[in-house]
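Here the structure comes first, spelled out in structure tokens, and everything after it is commentary.
4 protein chains.
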Amino acid sequence: MNDHSLLSNPGRGKTLAKRKGQKYDQIIDAAVKVIAQNGYHHSQVSKIAKEAGVADGTIYLYFKNKEDILVSLFEEKMGKFIQKIEEELAGESSIEAKLLILITMHLMQLQKDHSLAIVTQLELRQSNIELRNRINEVLKGYLKLIDTIILLGIEKGVFKEDLDVRITRQMIFGTIDEVVTDWVMKEHKYDLVQLCEPVHTMLLNAMRRS
Amino acid sequence: MNDHSLLSNPGRGKTLAKRKGQKYDQIIDAAVKVIAQNGYHHSQVSKIAKEAGVADGTIYLYFKNKEDILVSLFEEKMGKFIQKIEEELAGESSIEAKLLILITMHLMQLQKDHSLAIVTQLELRQSNIELRNRINEVLKGYLKLIDTIILLGIEKGVFKEDLDVRITRQMIFGTIDEVVTDWVMKEHKYDLVQLCEPVHTMLLNAMRRS
Amino acid sequence: MNDHSLLSNPGRGKTLAKRKGQKYDQIIDAAVKVIAQNGYHHSQVSKIAKEAGVADGTIYLYFKNKEDILVSLFEEKMGKFIQKIEEELAGESSIEAKLLILITMHLMQLQKDHSLAIVTQLELRQSNIELRNRINEVLKGYLKLIDTIILLGIEKGVFKEDLDVRITRQMIFGTIDEVVTDWVMKEHKYDLVQLCEPVHTMLLNAMRRS
Amino acid sequence: MNDHSLLSNPGRGKTLAKRKGQKYDQIIDAAVKVIAQNGYHHSQVSKIAKEAGVADGTIYLYFKNKEDILVSLFEEKMGKFIQKIEEELAGESSIEAKLLILITMHLMQLQKDHSLAIVTQLELRQSNIELRNRINEVLKGYLKLIDTIILLGIEKGVFKEDLDVRITRQMIFGTIDEVVTDWVMKEHKYDLVQLCEPVHTMLLNAMRRS
DNA sequence: CATGAATGAGACTTCATTCAT
DNA sequence: TATGAATGAAGTCTCATTCAT
Numbered sequence: 001m002n003d004h005s006l007l008s009n010p011g012r013g014k015t016l017a018k019r020k021g022q023k024y025d026q027i028i029d030a031a032v033k034v035i036a037q038n039g040y041h042h043s044q045v046s047k048i049a050k051e052a053g054v055a056d057g058t059i060y061l062y063f064k065n066k067e068d069i070l071v072s073l074f075e076e077k078m079g080k081f082i083q084k085i086e087e088e089l090a091g092e093s094s095i096e097a098k099l100l101i102l103i104t105m106h107l108m109q110l111q112k113d114h115s116l117a118i119v120t121q122l123e124l125r126q127s128n129i130e131l132r133n134r135i136n137e138v139l140k141g142y143l144k145l146i147d148t149i150i151l152l153g154i155e156k157g158v159f160k161e162d163l164d165v166r167i168t169r170q171m172i173f174g175t176i177d178e179v180v181t182d183w184v185m186k187e188h189k190y191d192l193v194q195l196c197e198p199v200h201t202m203l204l205n206a207m208r209r210s
Numbered sequence: 001m002n003d004h005s006l007l008s009n010p011g012r013g014k015t016l017a018k019r020k021g022q023k024y025d026q027i028i029d030a031a032v033k034v035i036a037q038n039g040y041h042h043s044q045v046s047k048i049a050k051e052a053g054v055a056d057g058t059i060y061l062y063f064k065n066k067e068d069i070l071v072s073l074f075e076e077k078m079g080k081f082i083q084k085i086e087e088e089l090a091g092e093s094s095i096e097a098k099l100l101i102l103i104t105m106h107l108m109q110l111q112k113d114h115s116l117a118i119v120t121q122l123e124l125r126q127s128n129i130e131l132r133n134r135i136n137e138v139l140k141g142y143l144k145l146i147d148t149i150i151l152l153g154i155e156k157g158v159f160k161e162d163l164d165v166r167i168t169r170q171m172i173f174g175t176i177d178e179v180v181t182d183w184v185m186k187e188h189k190y191d192l193v194q195l196c197e198p199v200h201t202m203l204l205n206a207m208r209r210s
Numbered sequence: 001m002n003d004h005s006l007l008s009n010p011g012r013g014k015t016l017a018k019r020k021g022q023k024y025d026q027i028i029d030a031a032v033k034v035i036a037q038n039g040y041h042h043s044q045v046s047k048i049a050k051e052a053g054v055a056d057g058t059i060y061l062y063f064k065n066k067e068d069i070l071v072s073l074f075e076e077k078m079g080k081f082i083q084k085i086e087e088e089l090a091g092e093s094s095i096e097a098k099l100l101i102l103i104t105m106h107l108m109q110l111q112k113d114h115s116l117a118i119v120t121q122l123e124l125r126q127s128n129i130e131l132r133n134r135i136n137e138v139l140k141g142y143l144k145l146i147d148t149i150i151l152l153g154i155e156k157g158v159f160k161e162d163l164d165v166r167i168t169r170q171m172i173f174g175t176i177d178e179v180v181t182d183w184v185m186k187e188h189k190y191d192l193v194q195l196c197e198p199v200h201t202m203l204l205n206a207m208r209r210s
Numbered sequence: 001m002n003d004h005s006l007l008s009n010p011g012r013g014k015t016l017a018k019r020k021g022q023k024y025d026q027i028i029d030a031a032v033k034v035i036a037q038n039g040y041h042h043s044q045v046s047k048i049a050k051e052a053g054v055a056d057g058t059i060y061l062y063f064k065n066k067e068d069i070l071v072s073l074f075e076e077k078m079g080k081f082i083q084k085i086e087e088e089l090a091g092e093s094s095i096e097a098k099l100l101i102l103i104t105m106h107l108m109q110l111q112k113d114h115s116l117a118i119v120t121q122l123e124l125r126q127s128n129i130e131l132r133n134r135i136n137e138v139l140k141g142y143l144k145l146i147d148t149i150i151l152l153g154i155e156k157g158v159f160k161e162d163l164d165v166r167i168t169r170q171m172i173f174g175t176i177d178e179v180v181t182d183w184v185m186k187e188h189k190y191d192l193v194q195l196c197e198p199v200h201t202m203l204l205n206a207m208r209r210s
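Chains as they are written, first to last, in UniProt numbering: chain D, 1 to 210; chain S, 1 to 210; chain H, 1 to 210; chain V, 1 to 210.
Now the structure itself:
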């Protein structure tokens, strides 16, 4: 995740400013805040610029276009997200524990940042197909992480050996994602993290060698 | 579902034509086709009207506005969808079989109608929050169906008695939904219905009394 | 006023129903009510038809188009208006009394019918120039009535002999019209008819031989 | 009037560009010309923009919406109008002369700008009630000017002491307004300013202490 | 690097009028 | 005569992006 160089845009006419500097981060954070507050369709570039404390035109020194803000936002946040999970997973060898860590980290990070949760679960999905494909590209890193756990579980004999990896991954991701989305739509009324344990148990049951 | 007499809509300033008749259905079907083909944001009312073989203005005799086409589309299709599943479920008493029927019907109906699958899995989710809330309202009927199966399974001693119904429902729906979405994004390259069995098995394992 | 045959439309392709019958009057009265209530720009043909208790299409059996309803309305009401004033004027020979009758009848008739007052003073003036020209055509009958009084007053030596008839007529009409418009815009809060006397006095002063 | 600092408009969601600068005036002037030429209902924003030599969207940097162009137009022109009259009135102490100045300025300014005359006498009155209320708000300044003259005339013993100020004001304004409207509807065929004297005389006669 | 005024394409919806019944 | 479902033209406004300063 840390060096899939989609960061530069080779072959395009214009060169963007180095994706560094405080302005870049300011704009990303402003975007999350504005989109969470106003919804995707009411988040004009000018509103994000204002929130970030820069001029409208400045946005275009750091991002190719509006869509690029969204993808970058997702890349940036998801990158850190995956990285943290990877770090935590590395320190644990038990398959069951690894799965619990994955679930817990996923729920925890989104519970910690309500704005980000709204953006990832609801607003970002309102984007067009093309953008969604690019987002899926970023998501792949996370899905690979899940695959790794599944494969390791099978290899270690913890999970059934005839598990279909794709379906299993879809079950794990689909379940967690639905749990989070419901929590967001219910306006974060209940504690999300305490759902880790039952979700973990059910998923394990679904996969465990009987 | 076949005679919910919404023929008049008292309380609104304008009265819509009867929500029946061939034009109504023509427009709904045209909308599914056009949206699946062009994407939500490139599906102008005029395009839908043309595809339906009616004048632009005629749309507004049957639907309050563009958004209303979407909600109606979902209500109409989802209504039939739920009805069919209910009918099939009624003829079967085994819990395991009921769950298989639910999964199979879900996957089958969407595999049968690629356009509808694209619309429900991708395009309809691009709508704004308000519209999504109305869609969720319709979805509730389906989720209740799932709940019924879960509760019955617990009652019959087939499922664990300490299952959290909400989380279980989110697992079932989240898994199936993710399976379908992935299939749509992979452009229907593989057979969806043959995934019924493994999905069924995994979900059963997750819930079954050990 | 009673036989200026603008009633038929010679040379046009379609023949309108005879401008008689209760439907014709129903539509005119419905138009006055609807326009007074909703304003000119929110008075759709369908709304007028509904208020009149006829189908939209029926309107077009009695009127050439929407504009024709308005002109007819004005012709109809103004015709009766002028006729009544003429009748009253005939029974009085004094110039001063004639002027008082004119003013009084004008104010009285509009005070009696608030809806009509709103339509003539405010709503009908929102129409386009072409329509306004046709309305002015109808108004000419009234203005001629005023001219008659002025000329008679000069002839009889009651008014100054060097009065400019056009300007004098504009003063009389402009004053009364402004008085009524103000009363309508103040939402008929005060009694209109009691203004007859002071208006009469001032107008007489303006014209009277010193 | 030349420095009413409406530069910001706090409280609105969007901030309009400064209501100054050449573009603002260009648009106002273009609007007068286009509306006088084509009539209110055929004066699309795009037509005004073209005449002003700016892009359609630029209009909305200076005006809230189309209606706002009209109100601003009236405010702007009427503001200067009143200001000029006030200046002229200040240099004259005789009541009779003051009244003559008012009438003369009124007729002169409209005779000088045929387009503006068409817009104020005909087109601006086609607007809806809400807009007309805003226009009346502006008009109040002018009516107060008239009131001042009336009150001063009474005080000085030039006018009758029992004059009803409201009716007198309505007579003065109604007369002048009708004179101008007639002139506009007759397509400026005759000289308007030469009517000052007879109008002045008649109005004086109506008010003067006998 | 930064600004922000200016651009202009693009679409939803209304409503007067028609015409087959 | 009467109906009312169907028509389709037409216009306001938004907002991502640019570029002169």
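We put the CB at the ideal spot given by N, CA and C, even for glycine.
Cβ separation of residue i and residue j, assumed to be a contact under 8 Å, to the nearest whole Å
| i | j | result |
| --- | --- | --- |
| residue 74 of chain V | residue 138 of chain V | 6 Å |
| residue 102 of chain V | residue 110 of chain V | No, residue 102 of chain V and residue 110 of chain V are not in contact; Cβ-Cβ is about 13 Å, not under 8 Å. |
| residue 95 of chain V | residue 33 of chain V | No, residue 95 of chain V and residue 33 of chain V are not in contact; Cβ-Cβ is about 38 Å, not under 8 Å. |
| residue 104 of chain D | residue 175 of chain S | Rounded, the Cβ-Cβ distance is 20 Å, inconsistent with contact. |
| residue 122 of chain S | residue 129 of chain D | 6 Å |
| residue 147 of chain S | residue 165 of chain S | 6 Å |
Beta carbon proximity, residue i to chain D, threshold 9 Å
| i | result |
| --- | --- |
| residue 91 of chain S | no |
| residue 68 of chain S | no |
| residue 36 of chain S | no |
Cβ of residue i within 9 Å of any chain H Cβ
| i | result |
| --- | --- |
| residue 173 of chain V | yes |
| residue 97 of chain V | no |
| residue 129 of chain V | yes |
| residue 39 of chain V | yes |
Other residues of its chain near residue i: CB distance less than 8 Å, five sequence neighbours each side excluded
| i | result |
| --- | --- |
| residue 55 of chain V | 49 |
| residue 193 of chain V | 104, 107, 108 and 111 |
| residue 47 of chain V | 34 and 38 |
Proximity below 9 Å, CB of residue i to CB of residue j
| i | j | result |
| --- | --- | --- |
| residue 135 of chain H | residue 124 of chain H | yes |
| residue 16 of chain S | residue 70 of chain S | no |
| residue 204 of chain D | residue 202 of chain S | no |
| residue 171 of chain V | residue 185 of chain H | no |
| residue 206 of chain V | residue 118 of chain V | no |
| residue 209 of chain V | residue 161 of chain V | yes |
| residue 89 of chain V | residue 149 of chain V | yes |
| residue 100 of chain S | residue 188 of chain S | no |
| residue 126 of chain V | residue 42 of chain V | no |
Contact set for residue i: own chain, Cβ-Cβ below 6 Å, skip 5 residues either direction
| i | result |
| --- | --- |
| residue 67 of chain S | 131 |
| residue 158 of chain S | 95 |
C-beta neighbour in chain V for residue i, strict 9 Å
| i | result |
| --- | --- |
| residue 137 of chain H | no |
| residue 177 of chain H | yes |
Test: residue i CB closer than 9 Å to a CB of chain S
| i | result |
| --- | --- |
| residue 153 of chain D | no |
| residue 199 of chain D | yes |
| residue 115 of chain D | no |
| residue 126 of chain D | yes |
Nearest neighbour of residue i, chosen from the options [CA to CA]
| i | options | result |
| --- | --- | --- |
| residue 167 of chain S | D/59, D/169, D/35 and D/190 | D/190 |
| residue 83 of chain H | H/145, H/38, H/100 and H/173 | H/145 |
| residue 197 of chain V | V/177, V/97 and V/65 | V/97 |
| residue 27 of chain S | S/53, S/100, S/99 and S/93 | S/53 |
| residue 182 of chain V | H/133, H/188 and H/141 | H/133 |
Contacts around residue i, its chain only, beta-carbon distance under 7 Å, and the 5 residues preceding and following it disregarded
| i | result |
| --- | --- |
| residue 195 of chain S | 107 and 179 |
| residue 24 of chain D | 62 |
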